[in-house]
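Top to bottom, those sequences are chains A and B.
Per this note's numbering, the first sequence runs over residues 458 to 659.
Per this note's numbering, the second sequence runs over residues 458 to 659.
There are 2 protein chains.
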Amino acid sequence: MASAARIPGMSIQTRRERERAERERLIVTAARELAEAEGWEAVTTRRLAAEIEYSQPVLYSHFKGKTAIMAAVAVQGCAEMAAELRTARTAAKDRRGALAAVGEAYAAFAHRRPALYDAMFTHRVDLPFATPEAPAELQEAFGELLAAVEPIAAEGDDPGALTETYWAALHGLVTLMRSGRLPEGAHQQRLQLLTRHFTAGV
Amino acid sequence: MASAARIPGMSIQTRRERERAERERLIVTAARELAEAEGWEAVTTRRLAAEIEYSQPVLYSHFKGKTAIMAAVAVQGCAEMAAELRTARTAAKDRRGALAAVGEAYAAFAHRRPALYDAMFTHRVDLPFATPEAPAELQEAFGELLAAVEPIAAEGDDPGALTETYWAALHGLVTLMRSGRLPEGAHQQRLQLLTRHFTAGV
DNA sequence: ACTCCTCGCTAGCAGCGCTAGAGACAGGAG
DNA sequence: CTCCTGTCTCTAGCGCTGCTAGCGAGGAGT
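1) Can you tell me whether S518(B) is helix, strand or coil according to DSSP?
2) Along chain A, in chain order, which residues have C-beta atoms closer than 9 Å to that of F678(B)?
3) Comparing alpha-carbon positions, which option in E493(B), G658(B) and A525(B) lies nearest E481(B)?
4) So, helix, strand or coil for T632(A), using DSSP?
5) Determine the DSSP secondary structure at G560(B), reduced to helix, strand or coil.
6) Is any beta-carbon of chain B found at less than 8 Å from that of P571(A)?
7) Please state whether the Cβ-Cβ distance between A605(A) and L651(A) is less than 8 Å.
8) Near F520(B), which residues of its chain fall below 6 Å by C-beta distance, leaving aside the five closest residues on each side in sequence?
9) From the DSSP output, in three-state form, read off H654(A) for me.
10) Answer with buried or exposed for A499(B), where buried requires no fewer than 16 other C-beta atoms within 10 angstroms of its C-beta.
11) Which bits of chain B does H568(A) rub up against, with CB to CB less than 8 Å?
12) Hey, is L639(B)'s beta-carbon within less than 8 Å of any beta-carbon in chain A?
13) If I measure Cβ to Cβ from A539(B) and keep anything under 8 Å in the same chain, skipping five residues before and after, which residues do I get?
14) R553(A) and T656(A) look like a contact to me (Cβ under 8 Å); what is the Cβ gap, rounded to whole Å?
15) Determine, using beta carbons only, whether Q596(B) comes closer than 8 Å to chain A.
16) Would you mind sorting T501(A) into buried or exposed? The rule is 16 or more other CB atoms within 10 Å of its CB.
17) With distances taken Cα to Cα, identify the nearest neighbour of D583(A) among A488(A), G522(A) and A478(A).
18) Considering only C-alpha positions, which residue in the set A576(A), H644(A), G617(A) and G637(A) is nearest to S636(B)?
19) Please say whether R504(A) and L483(A) have beta carbons closer to each other than 8 Å?
20) Are three or more beta carbon pairs between the region 583–592 of chain A and the region 606–614 of chain B nearer than 8 Å?
21) Taking only the alpha-carbon atoms, compute the straight-line gap between H654(A) and V485(A) and give it to the nearest angstrom.
22) In chain B, which residues lie less than 8 Å from Q703(A) when you measure between Cβ atoms?
23) With DSSP as the reference, label P640(A) as helix, strand or coil.
24) Might you give, ordered along the chain, the residues of its own chain that have their beta carbon closer than 7 Å to the beta carbon of L619(B), omitting 5 neighbours on each side?
25) Assign E621(A) to buried or exposed, taking buried as 16 or more other Cβ atoms, counted over all protein chains shown, within 10 Å of its Cβ.
26) CA-CA distance, A487(A) and P589(A)?
This is the structure in structure tokens:
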């Protein structure tokens with residue numbers, strides 16, 4: 458060890474760790490692309506292994522199982538959604554417009570990236586959510602919702618609980634519509650009704 | 458055929474049809490009980506077949522596949538939910554109380570019968586929903602929500618769309634909480650916030 | 001140069017939804 | 001009563017799933 462090459466950050470150990478991290482990134486990317494192209498039911502460990510040009514067991518040296526891979530994709534998705542919500546919110550003129558814009562951006566994200574959305578909010582995935590241990594990306598996404606809801610909270614309303622309720626409403630609209638249980642036609646109307654009722658006193 | 462026994466409703470054909478219908482009922486009941494006891498992932502065609510003491514292919518002579526069995530269970534669930542929502546609604550004093558009571562009854566149903574709820578509203582199941590061809594039980598359940606929401610609709614609001622929005626909010630609260638994405642503690646608070654915002658002008 | 005140890009591979013397990021084809025058995029005809 | 005016919009259920013198996021045991025190659029360290 459004492460005689461190892463001393464070029465900083467270039468030890469063999471470091472190179473291997475870097476390659477491993479690279480491969481892990483490759484797995485997550487492949488899983489995400491496959492899911493977005495054909496849905497999560499098409500993402501099997503065999504296909505994923507073929508996609509990254511390694512054998513199946515390699516996947517399990519990086520992730521505990523398939524759901525852990527989905528969780529990694531979900532975290533990526535949260536970061537992207539947070540960015541889109543932020544853009545929508547900050548571009549709005551007033552707080553009413555901000556809430557409406559965030560609601561629409563949320564629904565648009567779910568519609569444009571259904572597989573990502575499923576990994577984040579629909580599928581069972583062992584991610585800590587409503588706790589301090591939740592990944593930063595996740596808290597960031599919720600924080601964007603909070604930033605849009607808080608300004609329209611009535612006196613004495615808990616902004617956190619109000620945000621959760623607004624989020625749940627958006628989630629319900631999105632999932633029920635995508636599963637064919639709500640007609641797509643009235644989507645905008647429902648979104649407007651929701652925003653209106655949440656900004657009633659403003 | 459002309460010489461068949463003429464006792465009404467007692468022909469061999471009739472008996473066989475009756476037995477078939479009985480067995481179909483048995484399948485649906487077994488599926489439901491197994492799902493409620495251990496969740497839908499434990500309901501495999503093999504276990505279900507063992508439960509009804511027939512072989513697997515028998516299931517496929519009654520239903521197109523596993524999802525069709527889940528759909529049958531879902532329809533049963535809709536009937537029960539409709540009844541519970543009706544009870545809650547008609548027991549309330551005023552229309553505000555009715556909306557709150559229905560919301561709570563909805564959440565309580567989802568909490569008490571999670572497997573039933575999943576079959577009805579979470580899992581992909583090929584049932585027509587927002588169309589006239591939807592099963593009566595399903596329309597009945599939605600009708601109960603409508604009966605609770607319609608009285609608090611503001612002038613010019615489409616009661617149907619408003620009901621859909623309220624339903625979606627309840628659905629979101631229920632599913633996000635059950636998947637661990639919302640803390641259980643603030644459940645009542647969120648329900649109250651939802652009801653309050655939907656009855657703001659009343 | 002030799003040894004050891006890490007790492008990715010082949011092969012396989014148990015279980016899934018679903019189905020083809022064989023065999024038992026009941027109903028009707030002679 | 002016997003034979004035939006048609007229905008109905010069973011056994012066996014297909015192709016797939018997530019996941020894992022254990023072997024063999026090849027690089028790292030002495």
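For every residue, glycine included, the Cβ atom is placed at its ideal position computed from N, Cα and C.
To lay it out plainly:
1) As a working note, residue 518(B) is residue 61 in the second sequence. DSSP, read as helix, strand or coil, puts S518(B) in helix.
2) Past the boundaries of the shown model lies residue 678(B); chain B is included only from 458 to 659, so the question cannot be answered.
3) Position 24 of the second sequence, counted from the start, is the residue given in the question as residue 481(B). Relative to E481(B), the option among E493(B), G658(B) and A525(B) whose CA is nearest is A525(B).
4) Position 175 of the first sequence, counted from the start, is the residue given in the question as residue 632(A). Residue state for T632(A) is assigned as helix, using DSSP reduced to three classes.
5) If you number the second sequence from 1, residue 560(B) lands on position 103. The answer is helix: DSSP assigns G560(B) an H, G or I state.
6) Taking the first sequence and counting its residues from 1, one reaches residue 571(A) at position 114. No, because no Cβ of chain B sits closer than 8 Å to the Cβ of P571(A).
7) Position 148 of the first sequence, counting from 1, holds the residue named residue 605(A). Position 194 of the first sequence, counting from 1, holds the residue named residue 651(A). The answer is no: Cβ separation not under 8 Å.
8) For this step, residue 520(B) is matched to residue 63 along the second sequence. These residues qualify, in order along the chain: I526.
9) Position 197 of the first sequence holds residue 654(A). Taken through DSSP and simplified to helix, strand or coil, H654(A) comes out as helix.
10) Your numbering for residue 499(B) matches position 42 in the second sequence. So A499(B) counts as exposed.
11) Locating residue 568(A) in the first sequence gives position 111, where the first residue counts as 1. The premise fails here: H568(A) is roughly 15 Å from chain B at the closest Cβ pair, so nothing lies under 8 Å.
12) Here the question's residue 639(B) lines up with position 182 in the second sequence. At least one chain A Cβ lies under 8 Å of L639(B).
13) As a working mapping, residue 539(B) is identified with position 82 in the second sequence. So the qualifying residues of the chain are E594, E597, A598, G600 and E601.
14) As a working mapping, residue 553(A) is identified with position 96 in the first sequence. As a working mapping, residue 656(A) is identified with position 199 in the first sequence. In this structure R553(A) is in contact with T656(A), their Cβ atoms being roughly 5 Å apart against a cut-off of 8 Å.
15) Here residue 596(B) refers to the residue found at position 139 when the second sequence is read from its first residue. No - not a single Cβ of chain A is within 8 Å of the one on Q596(B).
16) In the first sequence, residue 501(A) corresponds to position 44, counting from 1. By the neighbour-count rule (16 or more Cβ atoms within 10 Å), T501(A) is not buried but exposed.
17) Sequence index remark: in the first sequence, residue 583(A) carries index 126 (1-based). Ranked by Cα distance from D583(A), the first of A488(A), G522(A) and A478(A) is G522(A).
18) For the purposes of this step, residue 636(B) is taken as residue 179 along the second sequence, with counting starting at 1. Comparing Cα-Cα distances from S636(B) to each of A576(A), H644(A), G617(A) and G637(A), the minimum goes to A576(A).
19) Taking the first residue of the first sequence as 1, we reach residue 483(A) at position 26. Taking the first residue of the first sequence as 1, we reach residue 504(A) at position 47. Not a contact, by the Cβ cut-off of 8 Å.
20) No: fewer than three Cβ pairs fall under 8 Å.
21) What you label residue 654(A) is simply residue 197 of the first sequence in a count that begins at 1. What you label residue 485(A) is simply residue 28 of the first sequence in a count that begins at 1. Cα to Cα, H654(A) sits roughly 39 Å from V485(A).
22) Since the first residue of chain A shown is 458 and the last is 659, residue 703(A) is not available in this structure.
23) To locate residue 640(A), count along the first sequence from 1; it is residue 183. In this structure, DSSP gives P640(A) a state outside helix and strand, which the three-state scheme calls coil.
24) Taking the first residue of the second sequence as 1, we reach residue 619(B) at position 162. Sequence-distant Cβ neighbours of L619(B) in its own chain, meaning closer than 7 Å and more than five residues away, are V606 and A610.
25) Counting from 1 along the first sequence, the entry for residue 621(A) is found at position 164. Under this definition E621(A) is a buried residue.
26) Translated into the one-based positions of the first sequence, residue 487(A) becomes position 30. Translated into the one-based positions of the first sequence, residue 589(A) becomes position 132. Between A487(A) and P589(A), the alpha-carbon positions lie close to 29 Å from each other.
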